[in-house]
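Peer 1: In short: position in the sequence shown from 1, add 51, done, that's the numbering used here.
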Amino acid sequence: MALHIVLFEPEIPQNTGNIARTCAAIGATLHLVHPLGYSMDEKHLKRAGLDYWHLLTILEYESVETFLESHKDDNLFFFTTKAHQLYCEVQYPQEAYLIFGKESAGISESILVDHEASCVRIPMREEARSLNLSNTAAIAAYEYMRQQQFPSLLQAGTLHRLSWGEAK
């Protein structure tokens, strides 16, 4: 399994911290594409990621163009409210890059046009502008993991059923 979560120019440290925590929990690589709207030392970023940083692989890129050039032959999926295809209709390959835009503007229109066949969306009410970035990344990451049958996350004997009122 090789899941990559890519954030183009993220602006809110708490979102990146939450996404980092999700990546750490499932073994995904986090790619941060500059410019960032915060410092990597920011306390809100570290607090949101809690004590999961040692489980995380983070790669950084100086620009969106640098990232796209470096990964032009990879399986890229661009999450946008403008896509026709739903995120759960895609059959994700073994190695996939799930790409999310900055909180204030999403992914550049020109990039979406150039990669229209790889654009996907998460359905929501028409009146809603968008979902929170960290929620969107988690939804997408777990759909990928579900399709891959949760590699290395489900181990025999680790799932237990609790009856109501039963404490462990």
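Built from N, CA and C at the ideal position, the CB exists for glycine as well.
Under 8 Å: do the stretch 160-175 and the stretch 117-135 share three or more Cβ pairs, one atom per stretch?
Peer 2: The stretch 160-175, when compared against the stretch 117-135, does touch it at the 8 Å Cβ threshold.
Peer 1: Does any CB atom of chain D fall closer than 8 Å to the CB of Met196?
Peer 2: Going by chain labels, chain D is absent from the structure shown, which holds only one protein chain.
Peer 1: What did DSSP end up calling Phe130 once you bin it into helix, strand or coil?
Peer 2: Looking at Phe130 - three-state DSSP - the assignment turns out to be strand.
Peer 1: Mind reading off the beta-carbon distance from Thr108 to Leu81? Whole number of angstroms is fine, and I expect it under 8 Å.
Peer 2: About 7 Å; that satisfies the 8 Å criterion.
Peer 1: How big is the Cα-Cα spacing for His105 and Arg72?
Peer 2: 10 Å
Peer 1: With respect to the beta strand (DSSP E) encompassing Ala53, which residues constitute its N-terminal and C-terminal limits?
Peer 2: 53-59
Peer 1: Quick check for students: name the residue ranges of the beta strand (DSSP E) that lie wholly in the stretch 162-205, counting only runs of 3 or more.
Peer 2: Qualifying beta strand (DSSP E) stretches, in chain order: 170-172.
Peer 1: In three-state terms, what does DSSP make of Val141?
Peer 2: coil
Peer 1: In terms of residues, what are the limits of the beta strand (DSSP E) holding Ile63?
Peer 2: It is not in any beta strand (DSSP E) - Ile63 carries neither H nor E in the DSSP assignment.
Peer 1: Label Pro202 either buried or exposed according to how many other C-beta atoms from any shown protein chain fall within 10 Å of its C-beta, with 16 as the threshold for buried.
Peer 2: It counts as exposed.
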